[in-house]
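First residue of the sequence shown? That's 697 in our numbering, and the numbers climb one at a time after it.
By construction, the Cβ of each residue, glycine as well, lies at the ideal position given by its N, Cα and C atoms.
All values derive from a computational prediction rather than experimental measurement.
This report refers to the structure that appears directly beneath it.
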Amino acid sequence: MDPRIREHAEVIVDHSIDLSEGDNLVIDAHPQAADLVTALHEFAADRGANPLVVQDRLGERFRRAYLRNRDEFETPSHVEALYEEMDAYIAIKGSDNVTETSDVDPETTAAYQQSQQPLLNERLSKTWCLTQYPAPANAQLAQTSTEGYENFVWDAVLKDWDAVREHQSQMVEILDPADEVRIVSGETTDVTMSIAGNETLNDYGEKNLPGGEVFTAPVPDSVEGEVLFDKPLYHQGREVTGVFLRFEDGEVVEHSAEKNEDLLTEVLSTDDGANRLGELGIGMNRDIDQFSYNMLFDEKMGDTVHMAVGRAYEETVGEDNEQNESAVHVDMIVDMSEDSFIEVDGEVVQRDGTFVFEDGFEA
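This is the structure we're talking about:
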C-alpha cells in the first residue's frame, strides 16, 4: 500500500472527524477506494470506533440501475435510521466510469434527489468528511496519468492545515462582518449579494479534504446581476460549459449554457430553492494548480470564486436569516485571475487573484 494512503486516512481520522472511542462510523466509498477504506479500518480499530462500509451515494453503477428502472421514490426509512445512529460519516469519491449516470433522465435524478433530502439533512447534522481517492477514471477525466493524479490528490490533501487555517482566516475576518459583496470579472460577470448576518466559514480540511476556501451564504432575495461561469461543470456524468445566469430579486430569471443546457434547466427546476444561490465561496488553495473536472478540488483553486445554486449550509446562515432549502447544491466556478475584482462593502479586497493582505495587491 502506498504510504500516502495511510497518511490520508490518518488526516481524515484525526484532523477531519476527530474519531473517538465508541463512535459509530459510516464509510460511503466506491470499491476503487478499497485501500483507503482498509487503512481507515486500521485507524478505527486503534481508536476503538465501529466502522461500517456502504456503497450508496457514490455507488453510481448501482444507482444507475435503480434510477433507470424506477421513476417514483420515497425516503428509505432503514437508511435514515442508520444515519440517525451514526456519529461520523466519511464519503470517498472515486470511480471506474465517471460517465456512468450520463444516460439517466435528469428529471428522474431530480425526483430521486428530492426523496433523499431527509438523508442529506441527517448526514450534514453529524460529523462528516468528503474526500477523494485517486482512481484511474478520475485521472482520465483530469486528463493526466494515474501516477500524476495520485501526486495531485495527495499533494492537495497532505498539507499543514493549521497554516492553511491561519492564512485563510484573514479573508474570514473581512467577510464575516460585511454586508455586501460584489464580484466582477471582465464584461461578462457583475453580481452583487448581501451576506449581512450570515457566517463565513474557514474550510481547512475538515468537512472537505482537501480544503482551501472560505465560504458563506448569500441572503436569498438579495442576489442581483449576471454571472458567466467560465470553468466547465461536470454533473451527473455530463459536461456543462459556458453557464450564464441572470438574477433578479435573488432568483435566476434567465439562464443558458453552451453545452448540455437541458441539464442546467433540470437542475434549476428541481424545486423552489434550486434557482437561488445557496453559497458564495472563494478559492484560496494555490497548490491546486490544475483544473480536474472535480469540484472537490476545482472550487478550492486559487484565483477563483464559486457560487452554488440550491441548498445553503445551515452553519453559514445567521439565526435571523432565511436558509435557502433545496435538494440540490451545484457549484460553478468563475476565473478571477485577470480583469477581475472582489469588492466588499465598497472596498476592493482582491484584484486579479491577489488579496489585499498579500504582496503585490493593487487597489
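- Per-residue DSSP class, three states only, for GLY1014: Numbered from its first residue, the sequence shown carries residue 1014 at position 318. GLY1014 falls in the coil class under three-state DSSP.
- Report yes or no: do three or more beta-carbon pairs, one from the region 712-724 and one from the region 781-789, lie closer than 8 Å? Proximity of the region 712-724 to the region 781-789 meets the contact definition, three or more beta-carbon pairs being nearer than 8 Å.
- Query: In whole angstroms, what separates the C-alpha of VAL800 from that of PHE758?
  - Reply: Residue mapping note: residue 800 aligns to position 104 of the sequence shown, counting from 1. Residue mapping note: residue 758 aligns to position 62 of the sequence shown, counting from 1. One C-alpha to the other measures close to 12 Å.
- CYS825 versus LEU748: straight-line alpha-carbon distance, rounded: The count along the sequence shown starts at 1 and reaches residue 825 at position 129. The count along the sequence shown starts at 1 and reaches residue 748 at position 52. Distance from the CA atom of CYS825 to the CA atom of LEU748, rounded to whole angstroms, is 15 Å.
- Residue from GLN839, ILE891, PHE1057 and PHE1051 whose Cα sits closest to the Cα of GLN864: What you label residue 864 is simply residue 168 of the sequence shown in a count that begins at 1. Looking at GLN839, ILE891, PHE1057 and PHE1051, the one whose alpha-carbon comes closest to that of GLN864 is PHE1051.
- If we ignore side chains and look at the alpha-carbon of each, how far apart do VAL939 and GLN839 end up? Residue numbering aside, residue 939 sits at position 243 when the sequence shown is read from its first letter. Residue numbering aside, residue 839 sits at position 143 when the sequence shown is read from its first letter. Computed Cα separation, rounded: 22 Å.
- Message: Whole angstroms are fine: how far does the CA of LYS822 sit from the CA of ALA831?
- Response: One-based indexing of the sequence shown puts residue 831 at position 135. One-based indexing of the sequence shown puts residue 822 at position 126. Near 27 Å, if we compare the C-alpha coordinates of LYS822 and ALA831.
- Inter-residue spacing [alpha-carbon to alpha-carbon] between ALA730 and ALA1059: Reading the sequence shown from its first residue, position 34 is the one you call residue 730. Reading the sequence shown from its first residue, position 363 is the one you call residue 1059. When rounded, the separation of the alpha-carbon atoms in ALA730 and ALA1059 is 49 Å.
- Message: On the criterion of 16 or more Cβ atoms from any shown chain inside 10 Å, does GLU995 qualify as buried, or is it exposed?
- Response: Position 299 of the sequence shown, counted from the start, is the residue given in the question as residue 995. The residue is buried, with at least 16 neighbouring Cβ atoms inside 10 Å.
- Message: Mapping the DSSP letters down to three states, classify GLN932 as helix, strand or coil.
- Response: Against the sequence shown, residue 932 aligns to sequence position 236. GLN932: coil per DSSP, three-state reduction.
- Message: Cutting at 7 Å between CB atoms, please list the residues of its own chain near ASP967, excluding the five before and the five after it.
- Response: For the purposes of this step, residue 967 is taken as the residue at position 271 of the sequence shown. Closer than 7 Å at the Cβ level, and outside the excluded window around ASP967, lie GLN810, SER1022 and ALA1023.
- Message: Strictly by DSSP, which residues pair up with GLU1043?
- Response: Translated into positions along the sequence shown, residue 1043 becomes position 347. According to DSSP, which records beta bridges pairwise, GLU1043 is partnered with VAL1040.
- Message: Please state whether the Cβ-Cβ distance between ASP899 and VAL915 is less than 8 Å.
- Response: If you number the sequence shown from 1, residue 899 lands on position 203. If you number the sequence shown from 1, residue 915 lands on position 219. Going by C-beta atoms, ASP899 is not nearer than 8 Å to VAL915.
- Same chain only: Cβ atoms within 6 Å of VAL794, ignoring 5 sequence neighbours per side: Counting from 1 along the sequence shown, the entry for residue 794 is found at position 98. Cβ neighbours of VAL794 beyond the five flanking positions: ALA833 and LEU837.
- Query: Is the distance from the Cβ of ASP945 to the Cβ of ASP926 below 8 Å?
  - Reply: Here the question's residue 945 lines up with position 249 in the sequence shown. Here the question's residue 926 lines up with position 230 in the sequence shown. No. Outside cutoff.
- Residue from HIS737, SER988 and GLU803 with nearest C-alpha to ARG766: Counting from one through the sequence shown, the residue named residue 766 turns up at place 70. Answer by Cα proximity: GLU803.
- Message: Taking the beta carbon of MET991 as the centre, do at least 16 other beta carbons fall within 10 Å, making it buried, or is it exposed?
- Response: Here residue 991 refers to the residue found at position 295 when the sequence shown is read from its first residue. With 16 or more Cβ atoms within 10 Å of its Cβ, MET991 is classed as buried.
- What three-state label does DSSP hand GLU703 in the structure shown? As a first step, residue 703 is located in the sequence shown; it is residue number 7 there, counting from the start. Shown here, GLU703 sits in a helix according to DSSP, grouped into three states.
- Query: Could you give the residue range of the alpha helix (DSSP H) that holds VAL860?
  - Reply: Against the sequence shown, residue 860 aligns to sequence position 164. Run containing VAL860: 857-871, per the alpha helix (DSSP H) assignment.
- Label PRO928 either buried or exposed according to how many other C-beta atoms from any shown protein chain fall within 10 Å of its C-beta, with 16 as the threshold for buried. As a first step, residue 928 is located in the sequence shown; it is residue number 232 there, counting from the start. PRO928 is buried by the Cβ-count criterion.
- Message: For the alpha helix (DSSP H) containing HIS774, name the first residue and the last one.
- Response: Along the sequence shown, one-based indexing puts residue 774 at 78. Here the alpha helix (DSSP H) through HIS774 covers 773-781.
- Message: Distance check for ARG972 and VAL1060, CA to CA, integer angstroms please.
- Response: What the structure shows of the chain is the stretch from 697 to 1059, and residue 1060 is not part of that stretch, so it cannot be assessed.
- Item | Burial state of GLY907 (16 or more Cβ within 10 Å) | Here the question's residue 907 lines up with position 211 in the sequence shown. Taking a 10 Å sphere around the C-beta of GLY907, we find 16 or more other C-beta atoms and assign the residue as buried.
- Query: Which class does TYR900 belong to by DSSP, given the choice of helix, strand or coil?
  - Reply: Position 204 of the sequence shown, counted from the first residue, corresponds to residue 900. Three-state result, TYR900: coil.
- Which whole-angstrom value describes the C-beta separation of LEU897 and THR1012, a residue pair presumed to lie in contact below a C-beta threshold of 8 Å? Locating residue 897 in the sequence shown gives position 201, counting from the first residue. Locating residue 1012 in the sequence shown gives position 316, counting from the first residue. Between LEU897 and THR1012, the beta carbon gap of about 6 Å places them in contact (Cβ cut-off 8 Å).
- Item | Residues of its chain near ARG861, where Cβ-Cβ distance is below 7 Å and the 5 sequence neighbours each way are ignored | Taking the first residue of the sequence shown as 1, we reach residue 861 at position 165. If we look at ARG861 and ignore the five residues flanking it on each side, its Cβ neighbours are ASN898 and TYR900.
- Query: Among residues of its own chain, excluding the 5 on either side of SER952, which ones have a beta-carbon nearer than 6 Å to its beta-carbon?
  - Reply: Start at 1 with the first residue of the sequence shown, and residue 952 comes out as number 256. Closer than 6 Å at Cβ, skipping near neighbours: PHE940.
- Query: From GLU1043 to PRO772, what does the alpha carbon distance come to, in whole angstroms?
  - Reply: Here residue 1043 refers to the residue found at position 347 of the sequence shown. Here residue 772 refers to the residue found at position 76 of the sequence shown. For GLU1043 and PRO772, the distance between alpha carbons rounds to 49 Å.
- Is it true that the CB of ASP886 sits closer than 8 Å to the CB of PRO922? On the sequence shown, position 226 is the one that residue 922 refers to. On the sequence shown, position 190 is the one that residue 886 refers to. Residue identity differs from the one stated: residue 922 is Glu in this sequence, not Pro. A Cβ-Cβ contact shorter than 8 Å links GLU922 with ASP886.
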